[in-house]
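Q: Let me begin by handing over the structure; questions about it come next.
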Amino acid sequence: MVQGLKQQYESDSKRLETIKRARDIAQEEFNRDKTLLKEEDVGSESMVNLSEINYRKAQDAFDQVQQAIDLYPLRIKEAEAGLRAGRSALELADLALERTEEYAPFKARIQHKQIEVGQAVAPGLIVLLLANDSELEVSVPLDSRDARRWLPFLEEDKAEAPNWFRPIAPAPCRISWTEDSAVTWDGTLHRVERFDPMARTVTVAIRISEDTGASADGNLPLVEGMFCKVEITGNSLKSVYRLPSWAVTFDGMAYVAEGERLRRVKVNTVRNQGEDSFVDEGLNPGDLVVLTRLVDPAPGILLEYEMPEAAAGVLPPEKEDSSPSADANLGQTMDTAS
């Protein structure tokens with residue numbers, strides 16, 4: 009705009025000379041006609057009036073161009089001031105844009121947006137919800153008692169412990185999709201997320217850092233929202249016996265074969281997992297535990313059974329890979345019938 013005003017200023021300055029020359033000619037014509045009519049009675053009054061009208065028009069055109077030329081310096085200054093203000097506003101906008109641009113430190117996926125193109129955004133407004141698919145996490149709620157006993161916390165439980173859970177050892181975990189158990193991924197026990205006082209559960213986060221995309225054999229990728237089964241490697245059980253859950257009664261009793269007689273023994277179940285019960289007290293190496301479901305068993309009754317091959321000697325300790333993992337010393341077991 010400033011450059012255009014300067015060019016117009018130069019053009020009008022050149023036009024002013026032409027307009028001034030036309031005005032002077034009209035003035036001379038008017039003066040000559042008026043002199044001839046007055047002194048020599050040549051011409052007419054109408055001719056003099058026409059010459060005067062032409063002169064006045066030329067004078068008006070000259071005055072208009074002269075006035076416009078006189079205003080050009082002021083208009084140029086105003087345009088230059090507006091240009092400086094515009095540049096300042098542009099710099100301020102660029103600075104504001106630099107301050108409001110944010111870049112995600114990961115390859116993000118837009119999960120939800122609350123903004124449209126061209127919309128003005130006020131500070132503090134949530135405009136986008138981004139998802140980081142490079143590191144997926146599975147939240148697993150655990151019974152608070154199981155969490156206290158089986159989770160591998162890094163420090164020993166002390167009275168001066170902080171008012172939150174201690175860091176957890178990065179124990180390996182196995183994640184499988186509930187719709188296809190053959191599709192599995194490896195994860196790591198990462199942290200305690202929260203404690204639910206109503207359900208009395210501790211929610212832990214399992215982080216999956218490996219590639220969870222679709223495999224070459226056509227399996228679906230592991231994505232947010234899928235239901236999964238998680239196996240967590242916890243603290244080890246030592247010097248325990250693994251029995252089928254139905255071999256231990258609800259009141260903590262098991263049946264063993266002593267000679268040819270049935271005997272009830274009190275056992276202590278430290279953990280029930282799936283169809284297994286882990287017992288640490290009440291059994292001794294070499295005991296023959298009755299695994300068959302008995303109907304109204306009476307202690308002391310005679311038993312008829314066949315000694316299984318595995319009962320030929322005391323079984324060696326066995327390490328279990330289930331969650332939590334356990335070193336189980338199994339007592340000799342057999343199937344019996346009363």
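Counting along the sequence shown from 1, when you hit position 40 you're at 48 in this note's numbering, and nothing is skipped either side.
We treat Cβ as the ideally placed atom computed from N, Cα and C, and that holds for glycine.
#1: Taking three-plus beta-carbon pairs below 8 Å as touching, is the segment 256-275 in contact with the segment 227-238?
#2: Could you check whether ALA177 and VAL212 sit closer than 9 Å to each other, using their CB atoms as the reference points?
#3: Pick helix, strand or coil for ARG11, following the three-state DSSP scheme.
#4: For the 8 Å Cβ check, are there 3 or more pairs between the segment 62-71 and the segment 26-35?
#5: Expressed to the nearest angstrom, what Euclidean distance is found between the alpha-carbon atoms of VAL125 and VAL135?
#6: ASP335: buried (16+ other C-beta within 10 angstroms of its C-beta) or exposed?
#7: Output needed for ASP41: all residues of its chain with C-beta closer than 8 Å, excluding positions within five of it in sequence on either side, in chain order.
#8: What residue range does the alpha helix (DSSP H) around SER373 cover?
#9: Give the range of the alpha helix (DSSP H) segment to which ARG208 is assigned.
#10: Within 10 angstroms of its Cβ, does VAL129 collect 16 or more other Cβ (buried), or is it exposed?
#11: Give the DSSP bridge partners of GLN281, in chain order.
#12: Please classify THR257 as buried or exposed, where buried requires at least 16 neighbouring CB atoms within 10 angstroms.
#13: Give the straight-line distance between the Cα atoms of ARG202 and VAL210, rounded to the nearest whole angstrom.
A: The structure says:
#1: no
#2: For the purposes of this step, residue 212 is taken as the residue at position 204 of the sequence shown. For the purposes of this step, residue 177 is taken as the residue at position 169 of the sequence shown. No; because the gap between Cβ atoms is not below 9 Å, this pair is not in contact.
#3: To locate residue 11, count along the sequence shown from 1; it is residue 3. Reading the sequence as shown, one finds Gln at residue 11 and not Arg. Three-state DSSP puts GLN11 in a helix.
#4: yes
#5: Against the sequence shown, residue 125 aligns to sequence position 117. Against the sequence shown, residue 135 aligns to sequence position 127. If I take the Cα positions, the gap works out to 11 Å.
#6: Within the sequence shown, numbered from 1, the residue matching residue 335 stands at position 327. Only weak support is given to the placement of ASP335: the predicted model assigns it a pLDDT of 29, under 50, and the question is left unresolved by the model.
#7: Here residue 41 refers to the residue found at position 33 when the sequence shown is read from its first residue. Here the set comprises GLY51, MET55, VAL56 and SER59.
#8: Coverage of the chain is limited to positions 9 through 346, which leaves residue 373 absent and any answer about it impossible.
#9: One-based indexing of the sequence shown puts residue 208 at position 200. Careful: ARG208 lies outside any alpha helix (DSSP H) and carries neither H nor E.
#10: Taking the first residue of the sequence shown as position 1, residue 129 is located at position 121. Exposed is the call here.
#11: Translated into positions along the sequence shown, residue 281 becomes position 273. Per DSSP, ASP284.
#12: On the sequence shown, residue 257 is found 249 positions in, with the first residue counted as 1. Classification of THR257: exposed, given that the 10 Å Cβ count is below 16.
#13: For the purposes of this step, residue 202 is identified with residue 194 of the sequence shown, where counting begins at 1. For the purposes of this step, residue 210 is identified with residue 202 of the sequence shown, where counting begins at 1. Using only the alpha carbons, I get a separation of about 6 Å.
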